[in-house]
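S.K.: Note that numbering that gives the first Met the number 0 has the sequence shown beginning at 0, numbered continuously upward. Ideal Cβ placement from N, Cα and C applies to all residues, glycine included. Okay, here's the structure, questions in a sec.
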Amino acid sequence: MGPRGRRGRCQAGVRSAVAVILTLALTRHVQADGDLLAKARASIESLDYMAARTTLAEALATGTNGPDELTEIYLLTGVVSGALGDSPASAQAFQKLLALSPKASLVAGTSPRVTRPFAEATAFYRTHAPLKVSVQSAISPPMVTLVVESDPMAMITGARVVVIADGKPEQTLDAKGTARIAIALPDAKRLELRVIALDEHGNRLVELGAPNQIVIVTPDKPVLPPVIPVVVKPLPPPAARPLYAQWWLWGGVSAAAAVTGTLFGLGARSAGNDLEALNAASMAHDFGEAQDVLARARRNALLANITFGAAGATAVAAVILFVTRPDARSRERSITVVPTPIRGGTAITLEVPF
Numbered sequence: 000m001g002p003r004g005r006r007g008r009c010q011a012g013v014r015s016a017v018a019v020i021l022t023l024a025l026t027r028h029v030q031a032d033g034d035l036l037a038k039a040r041a042s043i044e045s046l047d048y049m050a051a052r053t054t055l056a057e058a059l060a061t062g063t064n065g066p067d068e069l070t071e072i073y074l075l076t077g078v079v080s081g082a083l084g085d086s087p088a089s090a091q092a093f094q095k096l097l098a099l100s101p102k103a104s105l106v107a108g109t110s111p112r113v114t115r116p117f118a119e120a121t122a123f124y125r126t127h128a129p130l131k132v133s134v135q136s137a138i139s140p141p142m143v144t145l146v147v148e149s150d151p152m153a154m155i156t157g158a159r160v161v162v163i164a165d166g167k168p169e170q171t172l173d174a175k176g177t178a179r180i181a182i183a184l185p186d187a188k189r190l191e192l193r194v195i196a197l198d199e200h201g202n203r204l205v206e207l208g209a210p211n212q213i214v215i216v217t218p219d220k221p222v223l224p225p226v227i228p229v230v231v232k233p234l235p236p237p238a239a240r241p242l243y244a245q246w247w248l249w250g251g252v253s254a255a256a257a258v259t260g261t262l263f264g265l266g267a268r269s270a271g272n273d274l275e276a277l278n279a280a281s282m283a284h285d286f287g288e289a290q291d292v293l294a295r296a297r298r299n300a301l302l303a304n305i306t307f308g309a310a311g312a313t314a315v316a317a318v319i320l321f322v323t324r325p326d327a328r329s330r331e332r333s334i335t336v337v338p339t340p341i342r343g344g345t346a347i348t349l350e351v352p353f
C-alpha cells in the first residue's frame, strides 16, 4: 500500500475517533475536563494512538472518575484499540462501555476496525444484562447493603457510602465485595446516604442517591408509662358474732332436741306397749288404768313431735350460720394499674386478684 493509502486510512481513523467523541458529547453531555482525558483527546487528534491508549490507562488508574468519565474512557479506549488493530482489547472496552451505558452507539461511517469490535460487544449483550445494582437498608442495627443484580464484566469490587447522620459532617465508609456488600451505619435518627459501586481502582461505576439522597429515618420508640403497683392494706377483721349467733350453739341445741325427741318417742312407744298389755288382761284391770296409760302415750308422742321439729329448725339455723360465718382470714390484695398506649390516648388496665 502506498503512502496515500496509509495516509487515507489514518485520516479515516481520525475522523471515526473524532466522530465518536462528538457523538458521545452530544448524547451524554460529558463534562470530563480532567488533564489526562484532555491529553488523550489531543493525542487522538494528532493521530498518536499509542500515546492516547497509555494516557487513557493512566486516567482509569487514578480512581477518581465518575460514571460519565468512565463512559468516555472506555469509549476512547475501544476506538484507539480498534484503530491500532487490537480487536480483543477494543471489544472488551466496548463491553464495559455498554455495561455502563447500554444505549451508546457509533455514528455511521466509523472505520470497520472500530465497528467490528463494537458489533461483537453489542452481540454480547443479547445474552447478558448490563450493570445493575440496588440498595437494601435496615434500621436496627443501621445498615445499608449494595446488592449487585448484574455485573457481566465483573467490574464491581467494592462499595462506598457517603452518609450524613443527624445533620453532622458527612462520613465516607468503604467496604470490599462483589455480590452483596454490607456497610454498617452510625446510630442516628436521620441518615442521608449516597451509595456508590466501585471498581478495582476506586472509580465510581454507579451512584445511587445523587443528587437526591437516600434517607433512612428511625422512628421514635414508644415510651410506655411505668407499671404502677397500688397495694391495698388488709381489711380489718370482722367483728365477732354474739353468742346467740354462733352456729355451733344452735348445732348443739339441735342435737339436744333430737336426743330429747328420741327419748320422748321411746316413752310413747313404751306406753303403747303397756296399753296393749292392759287390753290383753282387761279383766284384771279397770278402765281408769287404761286411760292413764293412753294419756301418757299421747303426751310422750306430742313432746317427741315438738322436740323433733325444734331439732330440725335449729339444725337449719346452724347450717345457715355456718355458711354465712365471717372469714377470719384477711389477706392483702394487690391491685396493679397498667397504663396501655392506644391510638389517640392511653387505656388503664386494673389487675385485681380474687
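Can you name the start and end residues of the alpha helix (DSSP H) that Ile-155 belongs to?
M.R.: It is not in any alpha helix (DSSP H) - Ile-155 carries neither H nor E in the DSSP assignment.
S.K.: Assuming Ala-244 and Thr-313 form a contact by the criterion Cβ under 8 angstroms, report the distance between their Cβ atoms to the nearest whole angstrom.
M.R.: That belief does not hold up - the Cβ atoms of Ala-244 and Thr-313 are roughly 13 angstroms apart, past 8 angstroms.
S.K.: Quick check: the Cα distance between Gly-308 and Leu-320, rounded to an integer number of angstroms?
M.R.: Taking the straight line from one Cα to the other gives about 19 angstroms.
S.K.: Between Leu-75 and Glu-169, what straight-line distance do the alpha-carbon atoms span, to the nearest angstrom?
M.R.: Distance between the alpha carbons of Leu-75 and Glu-169 is about 34 angstroms.
S.K.: With a threshold of 6 angstroms on Cβ separation, who are the neighbours of Tyr-124 within its own chain once the five nearest residues in sequence on each side are excluded?
M.R.: Taken in chain order, the residues that qualify are Leu-97.
S.K.: Assign Glu-199 to one of three DSSP states: helix, strand, or coil.
M.R.: Here Glu-199 sits in coil by DSSP.
S.K.: Per the contact definition of three or more C-beta pairs closer than 8 angstroms, is the stretch 256-269 in contact with the stretch 297-304?
M.R.: Verdict: yes, contact present.
S.K.: Can you tell me where the alpha helix (DSSP H) holding Arg-324 begins and where it ends?
M.R.: Counting along the chain, Arg-324 falls outside any alpha helix (DSSP H), and DSSP gives it neither H nor E.
S.K.: Compare the beta carbon distance of Ser-149 and His-127 with 9 angstroms and say whether it is the shorter of the two.
M.R.: For Ser-149 and His-127, yes; Cβs fall inside 9 angstroms.
S.K.: Rounded to a whole number of angstroms, what is the C-alpha to C-alpha distance between Thr-323 and Asn-304?
M.R.: Going from the Cα of Thr-323 to the Cα of Asn-304 covers about 29 angstroms.
S.K.: From which residue to which residue does the alpha helix (DSSP H) around Glu-71 run?
M.R.: First-last of the alpha helix (DSSP H) with Glu-71: 66-82.
S.K.: According to DSSP, Gln-94 sits in a beta bridge with which residue or residues?
M.R.: Paired residue(s): none; Gln-94 is not in a bridge.
S.K.: How about Pro-116 and Gly-62: are their beta carbons less than 9 angstroms apart?
M.R.: Not closer than 9 angstroms, so no.
S.K.: Could you tell me which residues DSSP pairs with Leu-145 in its beta bridges?
M.R.: Leu-145 is bridged to Val-134 and Ile-180.
S.K.: For Lys-102, does the count of other Cβ atoms within 10 angstroms reach 16, so buried, or fall short, so exposed?
M.R.: Exposed.
S.K.: Could you pull out every residue in the same chain whose Cβ sits closer than 6 angstroms to the Cβ of Lys-131, ignoring the five residues on either side in sequence?
M.R.: Excluding positions up to five away in sequence, the list reads Glu-148 and Ser-149.
S.K.: To the nearest angstrom, how far is the alpha carbon of Val-315 from that of Gln-290?
M.R.: Each residue's alpha carbon lies about 38 angstroms from the other.
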